[in-house]
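In this note's numbering, the protein residues as written are 6 to 553. C-beta atoms are modelled at their ideal positions from N, C-alpha and C, and glycine is treated no differently.
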């Protein structure tokens, strides 16, 4: 593919940022940086659980990491092996993460939404020998141990059948020389495997390298960073955002507060008690601050910067959100995907500049990018809509054990996002919409084809199609169109909706409704004409009341 013309590249990406990254293992870099900060500022609390009051200091972080790495070695775990983690939010997560990297192992981050069967498959195929879980997921993990005989399960807290986490930090650590990895540093060595939520069926293991992690930590650092500030981190930590925000907090010696359990009311209490300058919030948390009755009497005046990801927050919601937070100066909506990293693009700091038009997000790129035609893959010029593509150190290594899927998303070094956008004459990028058939409800990915298969399994349905209709509060609402089979004229929409709802998770409910039509529109290739249906859906959606 042809290269992007320099005139559309911003000054901060016309250099090779990889040359500026440390030439050492990410674990060595983090340990060195923490010890420098500790020497300068003293032993400070880095991570605190607001719910329980438990905390980890900078010295504990390093000390516990080496103790845990020593236990790995005592158990015969070698460099390159996979260690898994299924934890919602806990202050000890980062010591465990650092220990995994000190040992030269790969940390596999699993999700609480995974079924017991899926969890078993992933643990078995990755040959995981050691797993850290929380009490919520312990029972499912123990069920997997029946078939994974060599699997050792450690639990945060206590759970019958699991080994308490405290045993990992009970004994004295080996010397650092004894734990040092003898293999030469390879920036493309896999250090983390983050599983997708399974937007196209089976979840994919997204492989991240030293280079990826450096890219996340050392590029596009927000101007809001100040040593000693307090950050409230509300979402779960077992994803890229959790990894990045926690470790970035370590590098600037900020105090990060986690919430191991969540309720809207507790969020308001936490903000008032902690008085954080920064907060990482997802759309449900933003909606709670805007709409919850108890938020009216809460004091959010300490918050100067908010970071969010997962889905764009529309203009009207932004305006309402800013009105609730009187001191808010910066609202970062990170664009990206785990395969691409959050270091790829960053919004402007100024609220007014964040709005280009109602639902278009204006961003700045910090890696090379290009826009290509969806069909021909021809490179497009300024102000032409096409698929956004990126390359650089933030792009992931590939999918675990899935070269076909990797080849489908990375072409000639360019990662194809499946998102539609354009850039202007100044090189600013504008995200417009997704080209993929996914529906995004409250940050959850809903796959239309899966819902269509279920609908067509009903004896009275000949054909079906599912699209998303826009919702300011929830992103998109799944809406279905169905064609009845002859003899089923009396089939009611309500009964067909219930048929589907009994077979899907909450996020996949047809909150946009269901409409019967004479024919599902399809193109000459037989594919559903989703754009045509989306246009119709905006007009005749039933507007069912969404439930969270």
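Rounded straight-line distance, which links the Cα of residue j to that of residue i
i           : j           : result
residue 403 : residue 246 : 19 Å
residue 545 : residue 449 : 24 Å
residue 456 : residue 117 : 22 Å
residue 481 : residue 314 : 16 Å
residue 220 : residue 23  : 8 Å
residue 360 : residue 517 : Any reading at residue 360 must be qualified, since the residue scores a pLDDT of 41, below 50, and its modelled position is unreliable; the value itself is stated next. If you take the alpha carbons of residue 360 and residue 517, they lie about 27 Å apart.
residue 134 : residue 89  : 8 Å
residue 289 : residue 271 : 14 Å
residue 209 : residue 492 : 42 Å
residue 33  : residue 85  : 17 Å
residue 81  : residue 397 : 36 Å
residue 357 : residue 323 : Low confidence applies here, because residue 357 scores a pLDDT of 47, under 50, leaving its location unreliable; read the following figure in that light. Each residue's Cα considered, the two are about 10 Å apart.
residue 252 : residue 380 : 40 Å
residue 156 : residue 479 : 40 Å
residue 137 : residue 112 : 10 Å
residue 59  : residue 268 : 19 Å
residue 83  : residue 103 : 15 Å
residue 521 : residue 503 : 15 Å
residue 40  : residue 109 : 20 Å
residue 515 : residue 526 : 20 Å
residue 453 : residue 462 : 14 Å
residue 119 : residue 158 : 17 Å
residue 476 : residue 139 : 34 Å
residue 51  : residue 26  : 24 Å
residue 129 : residue 176 : 29 Å
residue 447 : residue 54  : 25 Å
residue 500 : residue 536 : 27 Å
residue 372 : residue 395 : 7 Å
residue 339 : residue 287 : 11 Å
Residues near residue i by beta carbon distance below 6 Å, same chain, minus five either side
i           : result
residue 459 : 505, 508
residue 294 : 300, 329
residue 42  : 258
residue 400 : 420
residue 75  : 178, 179
residue 425 : 390, 437, 438, 440
residue 99  : 251
residue 46  : 258
residue 218 : 31
residue 256 : 38
residue 160 : 138, 143, 167
Same chain, Cβ closer than 8 Å to residue i, neighbours up to 5 away in sequence not counted
i           : result
residue 276 : 237, 284, 303, 304, 305, 307, 308
residue 141 : 93, 117
residue 326 : 291, 294, 295, 311, 318, 333, 336
residue 534 : 526, 527, 528
residue 282 : 229, 231, 234, 235, 236, 307, 308, 309, 310
residue 488 : 466, 467, 468, 469, 521, 522, 523, 524, 525
Sheet register partners of residue i (DSSP bridge)
i           : result
residue 486 : 470, 520
residue 394 : 375, 421
residue 180 : Bridge partners of residue 180: none, in fact.
residue 46  : Looking at the DSSP assignment, residue 46 forms no beta bridge with any residue, so it has no partner.
residue 124 : DSSP output for residue 124 lists no bridge partner at all.
residue 210 : 200
residue 114 : 90, 199
residue 107 : Partner(s): none; residue 107 has no beta bridge.
residue 138 : 91, 160
residue 426 : 391, 436
residue 246 : Looking at the DSSP assignment, residue 246 forms no beta bridge with any residue, so it has no partner.
residue 338 : 313
Assumed close pair residue i, residue j - CB separation to whole angstroms, cut-off 8 Å
i           : j           : result
residue 199 : residue 343 : 5 Å
residue 215 : residue 30  : 7 Å
residue 266 : residue 407 : Not a contact, Cβ separation roughly 34 Å.
residue 498 : residue 486 : About 11 Å; that fails the 8 Å criterion.
residue 67  : residue 101 : Actually they are not in contact, since the Cβ atoms of residue 67 and residue 101 sit about 13 Å apart, beyond 8 Å.
residue 222 : residue 196 : About 12 Å separates the two Cβ atoms, so there is no contact after all.
residue 451 : residue 512 : 6 Å
Own chain residues within Cβ distance below 7 Å of residue i, not counting five before or after
i           : result
residue 355 : In this prediction, residue 355 scores a pLDDT of 48, lower than 50, which makes its location untrustworthy; no coordinate-derived value is stated.
residue 388 : 427, 429
residue 194 : 214, 215
residue 414 : 344, 420, 421
residue 410 : 209, 404
residue 145 : 121, 124
For the stretch 182-194 and the stretch 152-168, state whether three or more C-beta atom pairs, one from each stretch, are separated by less than 8 Å.
-> Below 8 Å, too few C-beta pairs join the stretch 182-194 and the stretch 152-168 to call them touching: fewer than three.
Count the CB pairs spanning the stretch 418-428 and the stretch 240-257 that are closer than 8 Å, and state whether there are at least three.
-> Taking 8 Å as the limit for Cβ pairs, the verdict is that the stretch 240-257 does not touch the stretch 418-428.
Counting pairs of beta carbons, one from the stretch 110-129 and one from the stretch 139-154, are three or more of them closer than 8 Å?
-> At 8 Å Cβ cutoff, the stretches touch.
Spell out a yes or no on whether the stretch 171-183 and the stretch 376-385 are touching, meaning 3 or more CB-CB pairs, one atom from each, closer than 8 Å.
-> The stretch 171-183, when compared against the stretch 376-385, does not touch it at the 8 Å Cβ threshold.
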